[in-house]
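All residue numbers for the sequence shown refer to the numbering used here, where the first residue is 27 and numbers rise by one. We put the CB at the ideal spot given by N, CA and C, even for glycine. The structure displayed is predicted, hence computed values, not measured ones. So the structure is just underneath, and the comments pick up after that.
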Amino acid sequence: MATAVPVLHRDVLRRLELTVTRRLDGILQGDYLGLVPGRGSESGEARMYEPGDDVRRIDWNVTARTTVAHVRQTIADRELESWLVADLSPSLAFGTARCEKRDLVLAASTALALLTARLGNRLGAVLVEPGGNLTIVPARTGRHHARSVLHRIAAEPRRDGGGATDLVSALGAARNAARRRGLVVVMSDFVAPGTWDRPLRALTARHDVLAIEVVDPRELELPAMGLLALVDPETGRHVEVQTGRKKVRDAYAAAAVTQKADIAQRIRVSGADHLVLRTDRDWVLDLVRFVALRRHRARYATASTPGGAR
């Protein structure tokens, strides 16, 4: 029985690797753009400002000469350093559809890790554990290292209680550990207390940041099931909710809408990209659609100013 758990994890990772290889191979590749088209660190051409562009990329010299706002494009780096910030708190060990939220974290981590390894880039990780505990895996290259990172995520035991996740400290740790410009992917439900948007904004000042929010449909609305006993997995607090009352269900849905809108607003203001993965949807399709939309916008913005401005 001592080997049952690691064998189970190897089987899960093997299936995820096959999924990534079969369904994402050839779709997320090209020009070293990875999951998010990176800004890079080498200066390229300038183009006219488009709504949604980062104002920090405005080229004031070109803007002054043309009297029209321009942003400076950069050439994508060929050797990138990618970091995973994986929330493994008890609140993610929840799911009422195809999988748990925690499974989506592992799936997204697998996609990034395997694609990163194929391109020969470096991969590091910050694992967020209950009670504010953090595990930092230094960035290294190679498929074996990528699989080791994924095994750590898959093997993290589920713990009830232990306190809320310290996402603020985790993002700060990622900023200190990620010395080279690259991609930082933060995977969480973002319900952790604290002003986590401040360190997220600090990360986007240097890196391309993708915030992946994992959601279960029962977090958005309650079914009419009569008296429902609920337990907060992070604090162990018990509460009973009368879901048979429409007023209660409507109040819950309204509060959920407000919470999700607040999370989206904080991520948007930080400058990070925002991807929502749900336990009742195909995460691969959501990931592909997200990348396709980003690349379409990037190509459109480039095509809108043929040749750019020097």
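Item checked: Contiguous beta strand (DSSP E) assignments of at least 3 residues, all confined to the stretch 77-123 -> Fully enclosed beta strand (DSSP E) runs of 3 or longer: 96-101, 107-113.
Check: Assuming ASN147 contacts LEU106 under a Cβ cut-off of 8 Å, what Cβ separation, rounded to an integer in Å, is found between them?
Finding: Position 121 of the sequence shown, counted from the start, is the residue given in the question as residue 147. Position 80 of the sequence shown, counted from the start, is the residue given in the question as residue 106. At roughly 5 Å, the Cβ-Cβ gap stays under 8 Å, so ASN147 and LEU106 are in contact.
Checklist line | Coarse secondary structure for ASP192, derived from DSSP in three states | finding: For the purposes of this step, residue 192 is taken as residue 166 along the sequence shown, with counting starting at 1. Three-state result, ASP192: coil.
Notebook entry, point to check: Sorry if obvious, but does the Cβ on ALA282 come closer than 7 Å to a heavy atom of the ligand ZN?
Noted result: The model depicted lacks the ligand ZN and carries no ligand whatsoever.
Notebook entry, point to check: How is GLU20 classed by DSSP in three states: helix, strand or coil?
Noted result: The question about residue 20 has no answer here: the residues shown for the chain are numbered 27 through 336.
Item checked: The alpha helix (DSSP H) enclosing ASP276, as first and last residue numbers -> Start at 1 with the first residue of the sequence shown, and residue 276 comes out as number 250. Run containing ASP276: 272-296, per the alpha helix (DSSP H) assignment.
Note to self: Does ALA225 come out as helix, strand or coil in the three-state DSSP assignment?
What the structure shows: Here residue 225 corresponds to residue number 199 of the sequence shown, with the count starting at 1. The residue asked about is misnamed: residue 225 is Pro in this sequence, not Ala. PRO225: helix per DSSP, three-state reduction.
Next item on the list: Measure the CB-CB distance between LEU26 and ARG178 and report whether it falls below 8 Å.
Entry: The first residue shown for the chain is 27 and the last is 336, placing residue 26 beyond what the model contains.
Check: Starting from LEU176 and walking both ways along the alpha helix (DSSP H), at which residues does that stretch end?
Finding: On the sequence shown, residue 176 is found 150 positions in, with the first residue counted as 1. DSSP places LEU176 in the uninterrupted alpha helix (DSSP H) bounded by 169-181.
Notebook entry, point to check: Where DSSP assigns a beta bridge to ARG148, which residues make up the other side?
Noted result: One-based indexing of the sequence shown puts residue 148 at position 122. Note: ARG148 sits in a beta bridge opposite GLU107.
Next item on the list: Take GLU266 and list the residues in its own chain whose beta-carbon comes closer than 8 Å to its own, dropping the five residues that flank it on each side.
Entry: The residue given as residue 266 occupies position 240 in the sequence shown. Non-local beta-carbon contacts of GLU266 in its own chain, meaning distances under 8 Å to residues more than five positions away in sequence, involve LEU253, LEU254, ALA255, LEU256 in chain order.
Margin query: Applying the 10 Å Cβ sphere with the 16-neighbour rule, what's the burial state of PRO156?
Written below: The residue you call residue 156 lines up with position 130 of the sequence shown. PRO156 should be labelled buried.
Next item on the list: Please state whether DSSP places GLU266 in a helix, a strand or coil.
Entry: Translated into the one-based positions of the sequence shown, residue 266 becomes position 240. In this structure, GLU266 counts as strand in the three-state DSSP scheme.
Checklist line | Rounded separation between TRP309 and ALA318 - CA only | finding: Here residue 309 refers to the residue found at position 283 when the sequence shown is read from its first residue. Here residue 318 refers to the residue found at position 292 when the sequence shown is read from its first residue. Going by the C-alpha atoms only, they are around 14 Å apart.
Next item on the list: Inspect the beta-carbon positions of PRO243 and PRO116 and report whether they are closer than 8 Å.
Entry: Locating residue 243 in the sequence shown gives position 217, counting from the first residue. Locating residue 116 in the sequence shown gives position 90, counting from the first residue. The answer is no: Cβ separation not under 8 Å.
Next item on the list: Name, in chain order, the residues that DSSP records as bridge partners for THR161.
Entry: Position 135 of the sequence shown, counted from the first residue, corresponds to residue 161. In DSSP, THR161 forms a bridge with LEU153.
Next item on the list: Below 8 Å on the Cβ atoms is my guess for THR230 versus GLY297; work out the distance and round it to an integer in Å.
Entry: Here residue 230 is taken as the residue at index 204 of the sequence shown, counted from 1. Here residue 297 is taken as the residue at index 271 of the sequence shown, counted from 1. Confirmed, Cβ separation roughly 4 Å.
Next item on the list: Whole angstroms is fine: what's the gap from GLY121's alpha carbon to VAL241's?
Entry: As a working note, residue 121 is residue 95 in the sequence shown. As a working note, residue 241 is residue 215 in the sequence shown. For GLY121 and VAL241, the distance between alpha carbons rounds to 9 Å.
Margin query: Quick check on DSSP: helix, strand or coil for GLY66?
Written below: By 1-based counting over the sequence shown, the position of residue 66 is 40. Annotation note: pLDDT 49 at GLY66 (below 50); position unreliable, no value reported.
Next item on the list: Go through its chain and collect everything with a Cβ distance to ARG201's Cβ below 7 Å, but skip five positions before and after it.
Entry: The residue you call residue 201 lines up with position 175 of the sequence shown. Non-local C-beta neighbours of ARG201 in its own chain, meaning closer than 7 Å and more than five positions away in sequence, comprise PRO225, ALA228, LEU229, ordered along the chain.
Margin query: To the nearest angstrom, how far is the alpha carbon of ALA196 from that of VAL111?
Written below: Residue 196 sits at position 170 when you count from the first residue of the sequence shown. Residue 111 sits at position 85 when you count from the first residue of the sequence shown. Near 7 Å, if we compare the C-alpha coordinates of VAL111 and ALA196.
Note to self: Am I right that ALA204 and VAL210 are in contact with their C-beta atoms under 8 Å? What's the rounded C-beta distance?
What the structure shows: Here residue 204 corresponds to residue number 178 of the sequence shown, with the count starting at 1. Here residue 210 corresponds to residue number 184 of the sequence shown, with the count starting at 1. Contact between ALA204 and VAL210 is confirmed by a C-beta separation of about 6 Å, below the 8 Å threshold.
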